[in-house]
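Anchor point for the sequence shown: position 441 equals 441 in full-length UniProt numbering, and the numbering is continuous, going up by one each time.
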Amino acid sequence: HWLDPVKTVYKQLKELIVSTKKNDKTATDNQSVNPMVLCFRVKFYPADPMSLHEEITRYFLFLQLRRDLHHGRLLCPPSDANLLAAYIIQSELGDYDIQDHPPGYVSQFKMLPKQTPKIEEQITEIHKTLAKQVPSEAENNFLKKAATLDTYGVDPHQVKDQKGNQLYLGITHQGIMTFHGNRRTHLFVWTQIKRIVYEGKMFIVHVHTAEKQQPIGYKCPTTSACKYLWRCAVEQQFFFTLSSSINAPKVRSGGSLLTRGSKFRFSGRCQTEAIAASGGISRPGPSFTRSSSLPNFSHKKDGKSSLRNTTMPRDAAIKEAKARFNELPVDVPGQTKTEANKLIVTDKETENVVEKAPIASSESSDEVSVSRAMQGVTAAPPTEEKELESPGSAPNSLQIPESADSCIKKLFKHFLVSISFLFSRCIFNFSLSSFFFVFFFLCLLFSLSSFFFVFFFLCLLFSFFSFSFFFFLLFFFIFLLFFFLLSFFFFLFSSFLFFFLFSSFLFSFSSFLFSFSLFLFFFCLSPFVFFLLFPSIFF
């Protein structure tokens with residue numbers, strides 16, 4: 001899940017913990033919460049990485065794509081994967097030197113999901129051909145190559161098609177695409193997508209082409225996963241298609257007659273505004289150092305440091321397990337305590353952490369969990385215990401102290417909001433039900449009166465023309481048969497409508513009143529139809 005810059009971090013983490021406990025039926029209130037990982041990540045992958053103005057921005061994108069390649073998200077043919085890995089080594093170590101780089105040095109670099117000695121030999125041969133490329137040039141070549149791949153910028157979501165086939169749905173700058181294993185099956189560009197909605201677990205994309213217009217639906221594992229997928233898709237569409245964020249509309253989906261559904265309002269800058277703001281920067285680019293997360297090979301065995309690739313610092317004592325992806329777990333409390341204003345970052349070095357990507361290969365795609373496919377945030381690498389104190393703070397973990405008066409005010413405010421909502425809903429249901437019940441009795445009265453009127457009219461007709469009693473009974477029997485058949489038809493239709501609405505509204509009391517009122521309405525509509533059709537048929 002991505003943090004909303006408008007809301008506070010503490011509030012969003014608390015909401016995430018509450019929703020997690022609701023989904024996990026085995027969790028208890030006193031159960032400790034696992035440390036949550038907050039990471040700095042790239043949310044919107046640019047269509048052209050070279051359009052990024054500053055080198056430090058391209059470097060951050062390079063780090064993100066390097067992580068995607070390692071986790072199996074950036075899927076590509078073996079030849080392209082070996083070339084990307086060689087660019088990483090060139091950026092980290094510089095030119096190949098037989099004295100600095102002993103045989104098997106590539107095995108110390110974990111760059112690919114499945115890295116074998118044979119693949120490492122191929123990477124070494126490619127690394128030899130990349131001589132005289134400085135780190136920035138190697139990173140730019142890496143970005144250019146990665147941008148041409150189908151899985152560039154894909155955040156996979158686990159879905160199923162109408163046949164029940166397991167697919168992964170990705171959202172990129174091009175549009176919405178689906179993958180079956182390692183193969184891309186469909187691509188719906190943003191110009192073809194006119195509307196994106198969700199209903200329960202169904203994620204629906206309305207695609208308009210020159211030939212036809214059709215909605216295409218995919219089933220998500222849960223309703224919350226479908227809602228999250230909808231928000232991601234709408235946000236990506238607005239970012240890459242809007243000319244100005246001011247023109248972003250407020251969209252709503254997932255609602256019904258008695259539920260509000262979910263709403264989304266795009267915040268921040270769109271791609272056009274970001275590129276324009278980046279192009280208007282006149283200051284020189286900020287200076288930065290590339291912190292290597294890989295083993296140090298720039299020192300020779302005799303202790304003399306190699307001078308090649310001097311732009312890369314090699315003397316910083318940074319452990320690979322500690323700063324590989326700069327991911328530190330943050331302990332988030334389950335309840336608010338007044339004695340805390342300290343951030344504790346802890347983890348044990350003895351923990352074995354295995355990071356898995358939602359898409360690794362066709363063999364392992366079935367073993368990916370739904371939460372990993374939704375969140376894209378995996379477990380943190382083992383780190384040493386740290387304690388970061390804010391100025392003037394004391395005890396425990398990330399908590400916000402609140403006084404008793406503020407808690408009472410919040411509780412009273414929530415109580416008033418709940419009472420007003422229940423009162424308005426009761427008034428709405430009562431007024432709606434009263435209207436339909438009154439209409440039902442009026443229709444019933446009219447149906448009885450129309451029945452006796454037709455009966456009296458038949459009696460006068462047969463007595464005036466002196467027809468036999470047999471013809472009178474025959475006409476009266478046809479009249480009753482037609483009346484009951486029409487009533488039975490409306491009864492079936494109104495019953496089907498009643499049970500459909502009642503089941504779709506999750507069997508609530510308000511849905512029962514509304515559905516039953518509609519049932520009475522359509523059932524009592526039959527006398528009107530009969531009164532209009534009977535004279536035209538028999539007279």
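All C-beta atoms, glycine included, are put in the ideal place defined by N, C-alpha and C.
The structure presented is a predicted model; accordingly, all values stated were derived computationally and were not measured.
Taking the Cβ atom as the reference point for each residue, do residue i and residue j lie within a distance shorter than 8 Å?
i, j, result
"threonine 222", "lysine 201", "yes"
"aspartate 161", "tyrosine 218", "yes"
"serine 232", "isoleucine 176", "Reading off the sequence shown, one finds cysteine at residue 232, where the question assumed serine. For cysteine 232 and isoleucine 176, no; Cβs fall outside 8 Å."
"isoleucine 119", "asparagine 82", "yes"
"arginine 58", "asparagine 140", "yes"
"leucine 61", "valine 37", "no"
"serine 245", "arginine 283", "no"
"isoleucine 123", "alanine 86", "yes"
"lysine 128", "tyrosine 105", "no"
"serine 52", "leucine 65", "Sequence inspection shows leucine at residue 52; the serine mentioned does not correspond to that position. No, Cβ-Cβ distance for leucine 52 and leucine 65 is not below 8 Å."
"alanine 277", "arginine 265", "no"
"isoleucine 126", "phenylalanine 109", "no"
"leucine 69", "leucine 84", "yes"
"isoleucine 17", "phenylalanine 288", "no"
"alanine 138", "serine 91", "yes"
"serine 253", "serine 262", "yes"
"lysine 163", "aspartate 80", "no"
Assign residue i to one of two classes, buried (16 or more other C-beta atoms within 10 Å of its C-beta) or exposed (fewer than that).
i, result
"leucine 3", "exposed"
"leucine 13", "buried"
"histidine 208", "exposed"
"isoleucine 419", "exposed"
"methionine 111", "buried"
"glutamine 236", "buried"
"glutamine 158", "buried"
"leucine 307", "Its pLDDT being 32, under 50, leucine 307 is placed unreliably by the model, and the measurement read from it follows with that caveat. Per the 10 Å Cβ criterion, exposed."
"cysteine 226", "buried"
"isoleucine 98", "exposed"
"valine 189", "exposed"
"glutamate 15", "exposed"
"cysteine 39", "exposed"
"proline 295", "Since pLDDT at proline 295 reaches only 46, below the 50 mark, its modelled position is unreliable, and the value read off the structure follows with that caveat. Answer is exposed; the Cβ neighbour count stays below 16."
"phenylalanine 203", "buried"
"proline 103", "exposed"
"valine 205", "buried"
"leucine 416", "exposed"
"glycine 280", "exposed"
"alanine 191", "Note on identity: in this sequence residue 191 is threonine, with alanine being the wrong assignment. By the 10 Å Cβ count, threonine 191 comes out exposed."
"threonine 151", "buried"
"valine 6", "exposed"
"serine 292", "buried"
"alanine 380", "Unreliable positioning characterises alanine 380 in this predicted model, as indicated by a pLDDT of 32, which lies under 50. The coordinate reading is nonetheless provided below. It is buried - the Cβ of alanine 380 has at least 16 other Cβ atoms within 10 Å."
"histidine 101", "buried"
Could you please give me the residues that DSSP links to residue i through a beta bridge?
i, result
"tyrosine 168", "Gln158, Phe179"
"phenylalanine 203", "Tyr198, Tyr218"
"histidine 208", "Gln213"
"phenylalanine 264", "Val251"
"histidine 186", "Thr178"
"isoleucine 193", "Val207"
Would you please state the rounded distance, in angstroms, between the beta carbons of residue i and residue j? I believe it to be under 8 Å.
i, j, result
"valine 234", "isoleucine 196", "6 Å"
"proline 113", "glycine 72", "4 Å"
"proline 286", "histidine 173", "At roughly 26 Å, the Cβ-Cβ gap does not stay under 8 Å, so proline 286 and histidine 173 are not in contact."
"phenylalanine 239", "glutamine 214", "Contact flag wrong, Cβ pair sits at about 25 Å."
"leucine 143", "proline 49", "4 Å"
"proline 135", "arginine 290", "6 Å"
"leucine 169", "histidine 180", "That belief does not hold up - the Cβ atoms of leucine 169 and histidine 180 are roughly 11 Å apart, past 8 Å."
Say yes only if the C-beta of residue i is nearer than 7 Å to one or more non-hydrogen atoms of the ligand ZN, and no if none qualify.
i, result
"phenylalanine 44", "In the structure shown, the ligand ZN is absent, as is every other ligand, since no ligand is present at all."
Between residue i and chain C, is any beta-carbon pair separated by less than 8 Å?
i, result
"glycine 254", "Looking at the structure shown, chain C is missing, and only one protein chain is on hand."
| request: Could you name each continuous alpha helix (DSSP H) segment of 4 residues or more that falls completely within the stretch 50-114, going from the start of the chain to the end? | output: Taking only runs of at least 4 residues, the alpha helix (DSSP H) segments lying wholly in the stretch 50-114 are 55-71, 78-93.
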